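S.K.: By numbering that gives the first Met the number 0, the letter at position 90 of the sequence shown is numbered 89, and the numbering carries on one by one without gaps.
This is the structure I have questions about; it appears just below.
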Amino acid sequence: MKSSQIQMFTLVLAAGCASTPEMPPARFANAPVVERVDDRRDVPKPPAERPFFLSFYNYNGVVQRPLTRAMELPPPQRALGVNALDDVPDSTWFTNRIGVRDLTVDEVRTGPNQVGSPEQHRPWTVHENKTGAPELGLKITDARGIDFLLKFDLPAYPEEQTAAHVIVGKLLWACGYHTTDDYVVLFSPSDLVLAPDAARIDVFGDKHPFPRAELDEMLRDTGVGAGGRLRAMASRWIPGKLLGGIPGEGVREDDPNDRIPHELRRDLRGAYSVTAWLDHVDMLEDNFVDTWIADGGRHYVEHYMIDFGKSLGVMNTTQLNPRNGFEYFAPDFGAMAHSGVTFGIQRRPWEGQSAPPIIGVGLFDGAHFTNPDGWTPSSQAYLPLLFSDRFDKFWGAKILIRFSPAQIRAAVEAGRLSDPRAVDYLTDTLVARQRTSARYWFERVNPLDRFTVEPRGSGAALCFDDLALVHRLDAEAAATQYRIASYDRAGSPIGSPATFRASGAAGHSCVGPLTLAPGDGYTIVEVETIRPGIALSTLVHVARDPKTSAPRVIGIWRL
């Protein structure tokens with residue numbers, strides 16, 4: 000990576016610049032903002048596969064690593080992997096989609112799917128069964144020669160896991176994450192044909208012959224629907240050489256493109272808001288996978304999020320545990336201490352929940368999602384979520400609030416739920432949780448975004464969107480003001496502060512004219528949003544374009 004590209008990950012700090020105590024030392028290069036990371040450089044040798052041992056992972060993440068980390072006394076650190084506008088550039092980890100461009104309803108419904116459902120390409124050849132999960136899984140090849148993994152619902156919870164996997168996968172894809180090519184499929188047992196070398200794998204990983212009678216018995220245990228049809232989720236096998244899960248801390252030492260410690264990546268830390276919205280509690284290292292792929296003569300590693308069948312409250316119902324999403328599955332010492340101090344008398348936030356009596360819907364609601372920052376994944380071992388700060392969560396909230404109700408419904412419809420009430424319920428609940436999450440984080444970080452400098456007469460104005468107004472999150476334009484103060488590169492005040500009212504209910508405002516510093520015009524503009532009970536600031540760095548001399552935004556630092 001060229002030294003000039005380092006700005007895509009970190010801010011350029013001005014060496015030796017004297018700044019006032021109130022002004023952070025962050026300074027930006029007067030250069031175009033990086034929108035894409037060059038992390039697809041050739042890796043000719045595949046990195047090593049990473050085995051996953053759940054018991055060791057939980058012990059290390061819940062007991063050992065917290066103790067050693069406490070002795071290290073690490074200071075809080077803002078996320079890396081951000082560009083000068085405090086956003087995440089495209090990379091092998093994340094691709095900006097919704098909001099950056101207009102996604103149609105059909106695009107959200109289709110999601111990452113590229114090859115089309117195997118349902119239209121039967122029969123399917125069964126090679127082996129998948130182990131390590133309570134539900135049945137089968138590795139198959141369809142009539143086109145494309146490989147899929149078939150995953151089935153638990154009989155007591157029809158449609159829940161298959162629908163949740165597909166719905167959440169499409170929403171995460173639209174957010175920007177790399178997810179698998181998945182379809183809900185309906186078929187008959189006769190559509191499955193055993194390969195000559197088909198193998199049944201036992202719990203110890205040993206392979207045995209796979210007679211048809213055993214396959215039919217497995218299928219009967221999944222629950223046969225109307226007309227003798229079976230329901231499953233078909234997930235296209237990820238292309239390339241699979242390398243196992245993505246470490247939650249550090250980097251892959253044998254991947255030269257992997258340079259940012261994963262616990263500091265904004266795209267991983269900022270997933271907190273999105274996974275809380277979707278109640279994707281099953282966030283462990285093995286719910287991610289790296290794959291070494293070939294692309295035009297070069298090789299590199301791509302990073303996927305996988306396995307979403309326990310989202311949308313499904314883990315709560317299938318495990319009969321309403322604490323999921325509110326307390327860690329592994330020992331939650333904080334929750335235990337709180338119960339001990341209060342003698343269990345104080346009502347806990349997960350109490351009183353019940354799943355609606357609708358096929359395909361788990362224990363998932365909006366009424367109990369009142370504190371988005373209190374949501375917890377199943378384990379505290381996954382460090383990016385543990386290290387996530389309010390700036391990361393604000394970034395995630397910016398993305399999830401971009402979905403329209405129609406786009407959310409399209410993703411839900413892709414789950415092929417048999418009861419129309421399930422589609423209505425999940426859509427309404429996702430919309431309610433979406434707005435709760437955005438409202439919460441937009442009250443904790445100044446919700447101004449999309450800053451630009453525009454000409455106004457002989458001068459220039461700073462323009463921006465107030466996301467709380469744009470999305471109508473209980474904020475009123477009439478009660479909103481913006482206080483503007485300008486500083487030079489060293490942090491010394493320029494001119495006098497001024498206060499402006501919001502331009503209107505649409506949420507887009509322009510304030511100014513700006514007073515720029517002499518020379519290259521490097522100016523730090525503090526924009527404070529003032530509403531009843533809220534006063535939050537953002538520092539917007541402006542400088543003159545060296546080619547045109549027109550002022551432009553070169554960086555943002557959120558306070």
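Where is the CB? At the ideal position from N, CA and C, for every residue including glycine.
Computed from a prediction, not measured in an experiment: that's the story for all the values here.
1) Checking 8 Å against the spacing of the C-beta atoms, do Ser387 and Arg557 come in under that value?
2) Span of the alpha helix (DSSP H) holding Ile407?
3) Which same chain residues end up closer than 8 Å to His164 when comparing Cβ atoms and leaving out the 5 residues on each side of it in sequence?
4) Using 8 Å for Cβ pairs, my map puts Gly80 next to Asp281. What's the rounded Cβ distance?
5) Just the C-alpha distance for Glu106 and Gln160, rounded to the nearest angstrom, thanks.
6) In chain order, what residues of the same chain have a beta carbon less than 6 Å from the beta carbon of Trp236, not counting five sequence neighbours either side?
7) Count the CB pairs spanning the segment 418–433 and the segment 511–528 that are closer than 8 Å, and state whether there are at least three.
8) Rounded to whole angstroms, how far is the Cβ of Tyr58 from the Cβ of Glu284, which I believe are closer than 8 Å?
9) Under three-state DSSP, which class holds Asp372?
10) Assuming Ser272 is part of the beta strand (DSSP E), what are its boundary residues?
11) Can you tell me where the alpha helix (DSSP H) with Ile166 in it begins and where it stops?
12) Taking the straight line between their C-alpha atoms, what separation do you get for Lys640 and Asp190?
13) For Arg568 and Leu102, what's the separation of their Cα atoms in angstroms?
14) What residue from Val541, Gln433 and Asp205 has the CA that sits closest to Ala25's CA?
15) Would you mind working out which of Arg297, Glu301 and Gly296 sits nearest Thr290, comparing C-alpha positions?
16) Measuring alpha carbon to alpha carbon, tell me which of Ile398, Ala405 and Ser436 ends up nearest Ala366.
17) So for Tyr299, helix, strand or coil by DSSP?
18) Go ahead and label Lys44 buried or exposed: buried means 16 or more other beta carbons lie within 10 angstroms of its beta carbon, across all protein chains shown.
19) Considering only the beta carbon of each residue, do Tyr271 and Asp448 sit closer than 8 Å?
20) Count Cβ pairs between the segment 27–40 and the segment 66–86 that sit closer than 8 Å; are there 3 or more?
21) Near Phe287, which residues of its chain fall below 8 Å by C-beta distance, leaving aside the five closest residues on each side in sequence?
22) Which term fits Phe559, buried or exposed, when burial requires 16 or more other beta carbons within 10 angstroms of its beta carbon?
23) Mapping DSSP to helix, strand and coil, what is His507?
24) Could you tell me whether the segment 65–78 touches the segment 122–133, using the rule of 3 or more Cβ pairs below 8 Å?
25) What number of angstroms, rounded off, separates the C-alpha of Ser54 from the C-alpha of Pro496?
26) Would DSSP call Met22 helix, strand or coil?
27) Determine the burial state of Gln119: buried for a count of at least 16 other Cβ atoms within 10 Å of its Cβ, exposed for fewer.
28) Alpha carbon to alpha carbon, how far is Pro419 from Ala534?
29) Can you tell me where the beta strand (DSSP E) holding Ala484 begins and where it ends?
30) Taking Lys392 as part of the alpha helix (DSSP H), name the residues at either end of that continuous run.
31) Whole-angstrom Cβ separation of Gly136 and Leu148, contact assumed at under 8 Å?
32) Using 8 Å as the cut-off, can you tell me whether the segment 314–323 makes contact with the segment 246–255, which would need three or more C-beta pairs spanning the two stretches below that distance?
33) Quick check: Gly361 and Gly312, are their CB atoms within less than 8 Å of each other?
34) Classify His261 as buried or exposed, calling it buried when 16 or more other Cβ atoms lie within 10 Å of its own Cβ.
35) Would Trp440 and Arg471 be called neighbours here (beta carbons separated by less than 8 Å)?
36) By DSSP, does Pro117 sit in helix, in strand, or in coil?
M.R.: So, to answer that:
1) Against a cut-off of 8 Å, the Cβ pair of Arg557 and Ser387 comes out as no contact.
2) That run of the alpha helix (DSSP H) goes Pro404 to Glu412.
3) So the qualifying residues of the chain are Lys150, Asp181, Met232, Ser234, Asp306, Phe307, Gly308 and Ser310.
4) Not quite, the Cβ-Cβ distance comes to about 23 Å (not below 8 Å), so this is no contact.
5) CA-to-CA, the gap between Glu106 and Gln160 works out to about 22 Å.
6) Hits under 6 Å: Asp146.
7) The segment 418–433 makes no contact with the segment 511–528; the number of CB pairs closer than 8 Å stays below 3.
8) Contact doesn't hold; Cβ gap of about 13 Å is too wide.
9) The answer is helix: DSSP assigns Asp372 an H, G or I state.
10) No beta strand (DSSP E) contains Ser272, which is instead part of the alpha helix (DSSP H) from Ala270 to Leu277.
11) Per DSSP, Ile166 belongs to the alpha helix (DSSP H) from Glu159 to Cys174.
12) Because the chain spans 0 through 558 in this model, residue 640 falls outside it and cannot be assessed.
13) Nothing in the structure corresponds to residue 568, since the chain is present only between 0 and 558.
14) When each option's Cα is compared against that of Ala25, the closest is Val541.
15) The shortest Cα separation from Thr290 among Arg297, Glu301 and Gly296 belongs to Glu301.
16) The candidate whose alpha carbon is nearest that of Ala366 is Ser436.
17) In the displayed model, Tyr299 falls within a strand according to three-state DSSP.
18) Burial call: exposed.
19) Cβ atoms of Tyr271 and Asp448: not closer than 8 Å.
20) Yes, since at least three Cβ pairs between the segment 27–40 and the segment 66–86 fall closer than 8 Å, the two stretches touch.
21) Non-local beta-carbon contacts of Phe287 in its own chain, meaning distances under 8 Å to residues more than five positions away in sequence, involve Gly244, Ile245, His302, Tyr303, Met304 and Ile305 in chain order.
22) Nothing can be reported for residue 559: it is not among the residues displayed for the chain, which extend from 0 to 558.
23) Secondary structure at His507: strand, using DSSP grouped into helix, strand and coil.
24) With a cut-off of 8 Å, the segment 122–133 and the segment 65–78 do not count as touching, because too few Cβ pairs lie within range.
25) Approximately 58 Å, taken between the alpha carbons.
26) Coil at Met22, not helix or strand.
27) With a 10 Å radius around the Cβ and a threshold of 16 neighbouring Cβ atoms, Gln119 comes out exposed.
28) For Pro419 and Ala534, the gap between their C-alpha atoms comes out near 44 Å.
29) DSSP places Ala484 in the uninterrupted beta strand (DSSP E) bounded by Gln480 to Asp487.
30) Where Lys392 is concerned, the enclosing alpha helix (DSSP H) starts and stops at Arg389 to Leu399.
31) Indeed they touch by this definition, with Cβ atoms about 6 Å apart.
32) Too few Cβ pairs lie closer than 8 Å, so no.
33) With respect to the 8 Å criterion, Gly361 and Gly312 are classified as neighbours on the basis of their beta carbons.
34) His261 is buried by the Cβ-count criterion.
35) 8 Å or more divides the Cβ of Trp440 from the Cβ of Arg471.
36) DSSP, reduced to helix, strand and coil, places Pro117 within a helical segment of the structure shown.
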